[in-house]
Amino acid sequence: MTERMWRPRSLQSSYDVVIIGAGIHGLATAYYLGKRHGVKKIALLDKGYLGSGNSGRNTAILRSNYRTPEGIPFYDASVKLYEQMSQELGWNVLFSQCGHLTLAHTDSSLIGLRVRAENNQVLGVDSKLIFPDEIKRMVPAIDISSRARFPIMAALYHPPGGVIRHDAVVWGYARACDRMDIEIHPYTEVTGIRVEKGRALSVATTRGNVAAGAVLNVTAGWASTISKMAGVPLPIVSHQLQACVTEPLKPFLDKVIVSATLHVYVNQTDKGELVLGAEIDPYQSYSMRSTLPTLEQIAGHTLDLFPQLHGLRILRQWAGVCDMTPDYAPIIGRAEEVENFYMDVGWGTYGFKAGPIAGKCTAELIATGKTPGLIQAFSPGRFRAGRLVGEKAAAAVSS
Ligand code: PYC
1479 MTERMWRPRS LQSSYDVVII GAGIHGLATA YYLGKRHGVK KIALLDKGYL
1529 GSGNSGRNTA ILRSNYRTPE GIPFYDASVK LYEQMSQELG WNVLFSQCGH
1579 LTLAHTDSSL IGLRVRAENN QVLGVDSKLI FPDEIKRMVP AIDISSRARF
1629 PIMAALYHPP GGVIRHDAVV WGYARACDRM DIEIHPYTEV TGIRVEKGRA
1679 LSVATTRGNV AAGAVLNVTA GWASTISKMA GVPLPIVSHQ LQACVTEPLK
1729 PFLDKVIVSA TLHVYVNQTD KGELVLGAEI DPYQSYSMRS TLPTLEQIAG
1779 HTLDLFPQLH GLRILRQWAG VCDMTPDYAP IIGRAEEVEN FYMDVGWGTY
1829 GFKAGPIAGK CTAELIATGK TPGLIQAFSP GRFRAGRLVG EKAAAAVSS
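The opening residue of the sequence shown carries number 1479 in the numbering used here; numbering runs sequentially from there.
Listed below in structure tokens is the structure:
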């Protein structure tokens, strides 16, 4: 008989930790709580099926070539956990470290990439500037001519970057959690959080109430709604991010190509399809419906880079919801207002890359009460204190 990846369970009346959101961040936190800290009674609740949120809607790109001294070591630690993930989980997550190129088409983007290359190198992350001839050698199909609408001046080349199978990551964590008897409850929507005297006591769901020793909000798209249920306001605005996939072609592209000026990113899957992504839509929305204007924008900018792709057909288009914070850095930590309410939210367009390390650090925080150094800068209190992190310049896709 085929082994189930995770088992359906009945919802208990109480847990040590209730995790709201069973995407990669929630699953990773549960995994590390069980594996490293021996926490036994953990429930992961999700309003949809596993991977139905941003864990299954991202374009599966991993990288650590960020800009700030807080962001670079954090994402570097995440890439390193992804590198070991197949062995760690006993499950092949198909990580292809094919290399990642961020293109510059203007003087100002070139200066930005130079700063990132230098910051990366100082902090031990492999990335450097390369120029059109070398770009062409790596990516023969790309248009480096001066006839291009946005001629390419340089690229930040980041060899450890690449793509991974995002659904395999979800399934690998879910299977490992299930083996530790961590309960996964899909289709279990949270409708309220009862807080008394500064403590979260229980979580109301569409399948009943559960008492909780600690509650973690690790949702994307619904982060402010869930935190508000506990009386915790968040400085988040939500925007759609859209992507699409084309019909398959013979292999011609073995690097991830990102243009921060054109706000488009392109990679070719093992099946030959091109995965193309856009910047966030310019208006706030919780919708997950894709739109024709964004598809036109993605297609137009992809053709700016690869004019020979005209006529290629689009197979599917989709959207996810990105929770944007004022400094484009996440919010990870214990809420100031509620002593046992934790958050790992506000991931903007970076959440998938950070799942393993965010989960590991959040688990440590919940289990020990101590905030790991890697997440100290991302505390919920930083907005009030005016200590913003400033990761916006490393965003490929958010204007
Ligand atoms: O930051 O690399 C990135 C990215 C790609 C797609 C969304 N964000």
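By construction, the Cβ of each residue, glycine as well, lies at the ideal position given by its N, Cα and C atoms.
- Given a length threshold of 3 residues, each whole run of the beta strand (DSSP E) inside the stretch 1749–1777 is given here in chain order: 1752–1762.
- For Tyr1510, no beta strand (DSSP E) encloses it; the enclosing alpha helix (DSSP H) starts and ends at 1502–1515.
- For the set Ile1735, Ser1533, Pro1760, Tyr1527, the Cα lying nearest the Cα of Phe1830 is the one of Ser1533.
- Considering only Asp1585, Ala1797, Arg1627, Tyr1560, the residue with the shortest C-alpha distance to Pro1785 is Arg1627.
- In this structure Ile1660 is in contact with Gly1512, their Cβ atoms being roughly 5 Å apart against a cut-off of 8 Å.
- Apart from the 5 residues on each side of it in sequence, Thr1772 sits with its Cβ closer than 7 Å to the Cβ of Gln1720, Ala1756, Asp1759 in its chain, given in chain order.
- With respect to the 8 Å criterion, Leu1601 and Leu1634 are not classified as neighbours on the basis of their beta carbons.
- Look at Gly1516: its beta carbon is at least 7 Å from all of the heavy atoms in the ligand PYC.
- Judged by pairs of C-beta atoms under 8 Å, the stretch 1824–1840 does not touch the stretch 1676–1693, as fewer than three such pairs exist.
- Contact annotation: Ile1792 and Thr1724 have beta-carbon atoms nearer than 8 Å.
- Per DSSP, the continuous beta strand (DSSP E) segment holding Ala1721 begins and ends at 1715–1724.
- The Cβ-Cβ distance between Ile1498 and Asn1695 falls below 8 Å.
- DSSP assignment within the stretch 1598–1652 yields the following whole beta strand (DSSP E) runs of 3 residues or more, N-terminal first: 1606–1608, 1632–1636.
- Apart from sequence neighbours up to five positions away, the residues of its chain that approach Ile1550 with a beta-carbon distance below 7 Å are Ser1542, Tyr1544, Asn1597, Asn1598, Leu1601, Val1603, ordered along the chain.
- If one requires a minimum length of 3 residues, the beta strand (DSSP E) runs lying completely within the stretch 1684–1718 are 1686–1695, in chain order.
- The alpha-carbon of Ser1488 is positioned some 32 Å away from that of Leu1712.
- Residue pairing for Leu1679: DSSP places it in no beta bridge.
- Straight-line spacing of the CA atoms in Tyr1527 and Tyr1493 works out to 21 Å.
- Relative to the ligand PYC, Thr1827 has its C-beta within less than 7 Å of a heavy atom.
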